[in-house]
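**Student:** In full-length UniProt numbering, the protein residues as written are 1 to 107. All C-beta atoms, glycine included, are put in the ideal place defined by N, C-alpha and C. Shown below is the structure under consideration.
Quick look at the structure:
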């Protein structure tokens with residue numbers, strides 16, 4: 001009788017252990033699925049981040065090119081202004097010389 005009770009208790013423990021194992025396996029499967037979903041989301045976010053970084057880099061390169069062009073145009077305008085100022089000074093000197101020469105002729 002004692003052995004029968006022990007056997008029955010062991011069968012109940014085995015059944016309980018099998019039930020717990022099945023529950024743990026189900027939970028593990030759910031966690032694996034969740035992990036897979038999270039991994040896919042992380043990969044998607046990393047891909048989006050890479051695209052944004054590429055776009056930002058391209059925009060920065062474009063901005064730098066625009067700044068270089070603006071600097072070149074500014075330098076050209078400064079050279080032109082400097083040349084014009086030099087011509088104006090030459091013309092003013094010539095005008096002063098002509099006026100002086102004219103006054104000498106008149107007097």
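When you compare only the Cα positions, how much space is there between residue 54 and residue 63?
**Tutor:** For residue 54 and residue 63, the distance between alpha carbons rounds to 14 Å.
**Student:** How many angstroms separate the CA atom of residue 47 from the CA atom of residue 41?
**Tutor:** 10 Å
**Student:** Can you give me the Cβ contacts of residue 14 inside the same chain, cut-off strictly under 6 Å, excluding the 5 residues immediately before and after it?
**Tutor:** none
**Student:** Report the rounded CA-to-CA distance for residue 33 versus residue 56, giving the unit in angstroms.
**Tutor:** 35 Å
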